[in-house]
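Residue numbers (our numbering): 1324 to 1746.
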């Protein structure tokens, strides 16, 4: 499923031709601090275009209740059914997704944002996240930046899809069954332009309540694919260092949930000596006994004297302070958003720490999930595509070594180039 999808109505934007992506310094120049760029470098994906013009959309999506609003973003025209709060509308324009849908149903306690960051390569894909937020602006920002991350992962992973995200604001007033049913109707109204699945805070019952054929609940094989991708990216690190593989290296895995445990197993099978940490002591003991790993205290795992560090729990674990105290010379993890900002990536680069960005290292889940449910790929083809992450990571690391720029800059540049080529 490749190429640009046809617009379904006059209200859909006409996408402008992408500007060429050069190999120079244009992208790093617009990377800002975390507060300006979101969790991922959203400014990098903005397009030069005329000011967005908002106009009323006279259509009413079928079965979508009166609380829904629509904003189509700055990559072409824009239309809005109802109105977004002023601060949200301004921030959405700045972040630049292709399409934003807001659904607000106060009688259900429901406020949610549905973001389609890009449908250039294929339908937008991303999970449904449910969590508490301090403000509506925070809901919209998180949805936009998570959708952007998916866009980059799909492009880097060779998947014919773009990035999407559904973010629901959790609250005691949320009537989950009715609220997710309303959300499902909104997803259905997009006619397949968004494919979604579970994510943080969203249960199988929530997904079932959505009742949409565009919602996929089977995620049983994702952890194995993430671990395979992390291993391939770790092998790329060995390649760039001129090592034959991971045998004999000492690796620290932070977090041994489904993904971390799979990564620890993969490293052990590849011949690495593994130490692990988890806040769940019983879980850590179980995995350590299974693979013969050493257990380290959770507060110490990031600073262990190891060759390879693999964060596989929560994001934002590598701050500037942590980066200065690391003893590992290489980082590759299964978690998302491992660093707190570009300044950390740059600090790691200056210290000579080889870091495969999580846009690449955790892309196995995207390849497995979207490859199977959207592209209809067989298991062997999906595994082969995960295996190509090794070569992509190697190219990104070689680019970083040649230019002195952090690997994340080159990963984004490669993702952007693929999308630009498809326009």
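For each residue, glycine too, the CB sits at the ideal point set by N, CA and C. As the structure is a computational prediction, the values presented were derived from the model and not from experiment.
- Put simply, the backbone Cα of residue 1443 is about 16 angstroms away from that of residue 1736.
- Judged by DSSP secondary structure, residue 1476 falls within the alpha helix (DSSP H) whose first and last residues are 1459–1480.
- Inclusion of residue 1687 and residue 1709 in the CB contact set at 8 angstroms is warranted, their separation being smaller than that value.
- Under the three-state reduction of DSSP output, residue 1626 falls in the helix class.
- Each of 1446, 1468, 1430 and 1682 was checked against the Cα of residue 1416, and the nearest Cα belongs to 1468.
- In this structure, the CA atom of residue 1490 is about 6 angstroms from the CA atom of residue 1451.
- According to the DSSP assignment, residue 1563 belongs to the alpha helix (DSSP H) that extends over 1545–1563.
- Taking a 10 Å sphere around the C-beta of residue 1523, we find fewer than 16 other C-beta atoms and assign the residue as exposed.
- Per DSSP, the unbroken alpha helix (DSSP H) holding residue 1730 starts and ends at 1730–1745.
- For residue 1676, same chain residues with a beta-carbon under 8 angstroms away, outside a window of 5 residues either side, are 1646, 1649, 1651, 1652, 1653 and 1654 in chain order.
- By the Cβ criterion, the stretch 1585–1596 is not in contact with the stretch 1687–1696, since fewer than three pairs of Cβ atoms, one from each stretch, lie closer than 8 angstroms.
- Take the alpha-carbon of residue 1742 and the one of residue 1609: they are about 43 angstroms apart.
- Where residue 1648 is concerned, the enclosing alpha helix (DSSP H) starts and stops at 1643–1648.
- Residue environment analysis places residue 1637 among the exposed positions, since fewer than 16 neighbouring C-beta atoms fall within 10 angstroms of its C-beta.
- By the neighbour-count definition (other C-beta atoms within 10 Å, threshold 16), residue 1602 is an exposed residue.
- Burial is judged here by how many other beta carbons sit within 10 angstroms of a residue's own beta carbon; residue 1458 has fewer than 16 and is exposed.
- Contact between the stretch 1461–1475 and the stretch 1721–1739 is present: 3 or more CB-CB pairs across the two stretches fall below 8 angstroms.
- Selection 1643, 1630, 1672 and 1520 evaluated against residue 1566 yields 1630 as nearest (Cα-Cα).
- Here residue 1505 has 1388, 1426, 1428, 1431 and 1433 as same chain residues with Cβ atoms under 7 angstroms from its own Cβ, once five neighbours each way along the sequence are excluded.
- Per the Cβ contact rule, the stretch 1534–1541 is not in contact with the stretch 1551–1559 (fewer than 3 Cβ pairs under 8 angstroms).
- The three-state secondary structure of residue 1664, taken from DSSP, is coil.
- Between residue 1530 and residue 1424, the gap from beta carbon to beta carbon reaches 8 angstroms or more.
- Between residue 1624 and residue 1611, the CB-CB gap reaches or exceeds 8 angstroms.
- Rounded to the nearest angstrom, the Cβ distance from residue 1684 to residue 1579 is 17 angstroms, too far for a contact under 8 angstroms.
- Sixteen is the threshold: when 16 or more other Cβ atoms of the shown chains lie within 10 Å of the Cβ of residue 1672, as they do, the residue is buried.
- Scanning its chain for C-beta atoms nearer than 7 angstroms, with the 5 sequence neighbours on each side dropped, one finds around residue 1606 the residues 1579, in chain order.
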